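S.K.:
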Amino acid sequence: MKHFFDFIPLIIFFVLYKTQDIYVATWALIVTTIIHMMVTWIRYNKVDKIQIITTVLVTVFGGLTLFFQDDSFIKWKVTIIYALCAGGLLISQFMGKPLIKSMLGQELTLSNEVWRNINFAWIIFFYVMAIVNIYIAYTLPLDVWVNFKVFGFFFLTLIYIFATGVYIYSHMPKDTVLPKKRKK
1 MKHFFDFIPL IIFFVLYKTQ DIYVATWALI VTTIIHMMVT WIRYNKVDKI
51 QIITTVLVTV FGGLTLFFQD DSFIKWKVTI IYALCAGGLL ISQFMGKPLI
101 KSMLGQELTL SNEVWRNINF AWIIFFYVMA IVNIYIAYTL PLDVWVNFKV
151 FGFFFLTLIY IFATGVYIYS HMPKDTVLPK KRKK
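The letter at position 66 of the sequence shown is residue 66 when you use UniProt numbering, and the numbering goes up by one with no holes.
(1) Helix or strand or just coil, what does DSSP make of threonine 109?
(2) Please list, in chain order, all residues of the same chain as methionine 129 whose beta carbon is under 6 Å from its beta carbon, the five residues on each side excluded.
(3) Using only CA atoms, which one of Val31, Ile11, Tyr44, Gln69 lies nearest to leucine 57?
(4) Tell me which same chain residues have a C-beta within less than 8 Å of the C-beta of lysine 54, skipping the five on either side of it?
(5) Output the distance between the C-alpha atoms of glycine 63 and asparagine 112, rounded to the nearest integer angstrom.
(6) With C-beta atoms as the reference, is tryptophan 76 less than 8 Å away from isoleucine 100?
(7) With 16 other CB atoms within 10 Å as the buried threshold, where does leucine 142 fall?
(8) Using a 10 Å radius around the Cβ and a threshold of 16 neighbouring Cβ atoms, would you call lysine 49 buried or exposed?
(9) So, with DSSP's three-state summary, where would you put aspartate 71?
(10) Quick one: using the 10 Å Cβ neighbour count with 16 as the cut-off for buried, is tyrosine 17 buried or exposed?
(11) On the three-state DSSP scale, how would you describe leucine 178?
(12) Determine, using beta carbons only, whether leucine 158 and tryptophan 122 come nearer to each other than 8 Å.
(13) Reducing DSSP to helix, strand and coil, say where leucine 104 ends up.
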């Protein structure tokens, strides 16, 4: 349920873009993202760093979009978020403590090499997504960018999560993959 709740600002943005325009949708995105962060704080008594960063970027770039009546600013927000995610993972990689491992390491037992590979794969994914966003945002019509922002990024991320899961499964210790048979 929490994951659906995370998509409400994006859904509202999409609906208002389709029924109104980019500026009404951007205004709604700013408001709903701020409300989403406040509700998350009230409900869970904490807010993830990425949610804070996203809220700040939505507010700043959405505000610039509205102030200058120029949709270029809101398009950059997506690229900056992906670049920041990639940058955070890259820094953790150089520090020898892959961020992916700190996020998933309690549930999974994998070698340090596998964690580095997963971390590096996500670095590449986020940088590619940042570049794809810029390409689509500035070479294709606004309508294509909005559709891709809402659906394309979501499905590409799901596919990448699935591929990561397959990679993890193939590198899990064999005794944790298959439960041992009980003797009767």
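We put the CB at the ideal spot given by N, CA and C, even for glycine.
These numbers come from a predicted model, not from an experiment.
M.R.: In terms of the structure at hand:
(1) Along the sequence shown, read from residue 1 onward, the residue named residue 109 stands at position 109. Coil at threonine 109, not helix or strand.
(2) Locating residue 129 in the sequence shown gives position 129, counting from the first residue. Excluding positions up to five away in sequence, the list reads Tyr82.
(3) In the sequence shown, the residue the question calls residue 57 occupies position 57. Considering only alpha carbons, the answer is Val31.
(4) Along the sequence shown, one-based indexing puts residue 54 at 54. Per the sequence presented here, residue 54 reads as threonine, with lysine not at that position. Only Thr33, Ile81 meet the Cβ criterion.
(5) Looking up residue 63 in the sequence shown gives position 63. Looking up residue 112 in the sequence shown gives position 112. Within the model, the alpha-carbon separation for glycine 63 versus asparagine 112 is close to 42 Å.
(6) Counted from its first residue, the sequence shown places residue 76 at position 76. Counted from its first residue, the sequence shown places residue 100 at position 100. Not a contact, by the Cβ cut-off of 8 Å.
(7) Along the sequence shown, read from residue 1 onward, the residue named residue 142 stands at position 142. Exposed, since its Cβ has fewer than 16 Cβ neighbours within 10 Å.
(8) As a position in the sequence shown, residue 49 is number 49, starting the count at 1. Exposed: under 16 other Cβ atoms inside 10 Å.
(9) Position 71 of the sequence shown, counted from the start, is the residue given in the question as residue 71. Here aspartate 71 carries a coil assignment [DSSP, helix/strand/coil].
(10) Within the sequence shown, numbered from 1, the residue matching residue 17 stands at position 17. Burial is judged here by how many other beta carbons sit within 10 angstroms of a residue's own beta carbon; tyrosine 17 has at least 16 and is buried.
(11) The residue given as residue 178 occupies position 178 in the sequence shown. A caution first: leucine 178 carries a pLDDT of 47, below 50, which makes its placement in the model unreliable, though a value can still be read off. It is coil, neither helix nor strand.
(12) Working through the sequence shown from its first residue, we reach residue 158 at position 158. Working through the sequence shown from its first residue, we reach residue 122 at position 122. At the C-beta level, leucine 158 and tryptophan 122 stay beyond 8 Å of one another.
(13) Sequence index remark: in the sequence shown, residue 104 carries index 104 (1-based). Correct three-state label for leucine 104: helix.
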